[in-house]
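In full-length UniProt numbering, the protein residues as written are 1 to 250. All C-beta atoms in this analysis are idealised placements derived from N, C-alpha and C, irrespective of residue type, glycine included. Model, not experiment: these values are computed from the prediction. A quick write-up on the structure given underneath.
Quick look at the structure:
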């Protein structure tokens with residue numbers, strides 16, 4: 001039996017806060033954290049260099065706080081602190097699986113995380129350490145999707161794997177529209193034009209300008225992450241600069 005090999009040398013996985021959430025999509029569920037860490041370990045064992053960005057929506061949603069009257073910048077900073085909490089939880093789970101892990105924060109918080117330094121992050125990746133980027137980009141008004149795009153470009157990742165609770169990008173909300181069709185491929189420009197809400201337009205534009213492909217996939221299906229990295233199956237939706245649009249089953 002041939003040994004599995006990865007299509008990629010260096011990847012960035014973008015996790016939403018809900019990937020760690022407990023009941024009601026709130027808090028941190030240690031079982032989910034350890035399940036994610038196990039999948040990350042499987043991919044790491046293939047020799048892949050792995051960076052991660054995790055959101056904070058399971059703890060605080062800055063956008064929601066701003067809608068009820070809180071100052072937008074204050075709400076966003078609170079959201080950034082939530083991402084640091086999630087990063088520490090994920091670090092703990094990964095290290096319990098035997099993975100050497102570093103958390104780098106865009107907000108200086110020396111007692112618990114390294115400050116983000118690009119060259120240091122690259123060196124950690126070269127040494128096969130898992131690097132978790134926390135604190136967004138350190139500024140309000142930017143999402144963790146934008147942080148993921150920026151960090152992926154900065155440290156030289158080949159692809160962003162956007163882990164979600166759906167199996168790709170659809171032309172309509174599949175929960176509301178039973179006939180919604182899943183794209184297997186769509187371009188950055190079409191994603192922006194059609195307002196598909198894959199990522200915010202700032203993140204998509206940054207990826208488009210730097211030719212950084214994104215694959216949107218279902219992280220809650222066990223084994224999807226490894227299958228995607230190895231290339232065993234056609235999983236999720238690829239977003240790239242290629243202009244052709246492909247829909248599943250067509």
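{"query": "For residue 194, the three-state DSSP class (helix, strand or coil)", "result": "coil"}
{"query": "Opposing strand residues paired with residue 240 [DSSP bridges]", "result": "187"}
{"query": "Residue 245 beta carbon less than 7 Å from that of residue 217", "result": "no"}
{"query": "Status (buried if at least 16 other CB within 10 Å, exposed otherwise) for residue 86", "result": "buried"}
{"query": "Check whether residue 260 and residue 82 have beta carbons under 7 Å apart", "result": "Because the chain spans 1 through 250 in this model, residue 260 falls outside it and cannot be assessed."}
{"query": "Coil, strand or helix - residue 134 by DSSP", "result": "strand"}
{"query": "Own chain partners of residue 108 with C-beta closer than 7 Å, once the 5 adjacent residues on each side are dropped", "result": "115"}
{"query": "Completely contained beta strand (DSSP E) runs for the region 33-109, where each covers 3 or more residues", "result": "49-54, 101-105"}
{"query": "Bounding residues of the beta strand (DSSP E) (the contiguous stretch that carries residue 164)", "result": "159-164"}
{"query": "Cβ contact check for the region 70-82 and the region 41-49: 3 or more pairs under 8 Å", "result": "no"}
{"query": "Length of the line joining the Cα atoms of residue 197 and residue 143", "result": "13 Å"}
{"query": "Rounded separation between residue 139 and residue 55 - CA only", "result": "14 Å"}
{"query": "Where residue 226 sits in the DSSP three-state scheme", "result": "helix"}
{"query": "Assumed close pair residue 132, residue 52 - CB separation to whole angstroms, cut-off 8 Å", "result": "5 Å"}
{"query": "Alpha carbon of residue 123 to alpha carbon of residue 155, nearest angstrom", "result": "10 Å"}
{"query": "Residue span of the beta strand (DSSP E) that contains residue 145, given as start and end", "result": "Residue 145 -> not in any beta strand (DSSP E); alpha helix (DSSP H) instead, spanning 144-154."}
{"query": "Nearest neighbour of residue 171, chosen from 126, 248, 212 [CA to CA]", "result": "248"}
{"query": "Delimiting residues of the beta strand (DSSP E) encompassing residue 12", "result": "10-15"}
{"query": "Cβ-Cβ distance between residue 58 and residue 95 below 7 Å", "result": "no"}
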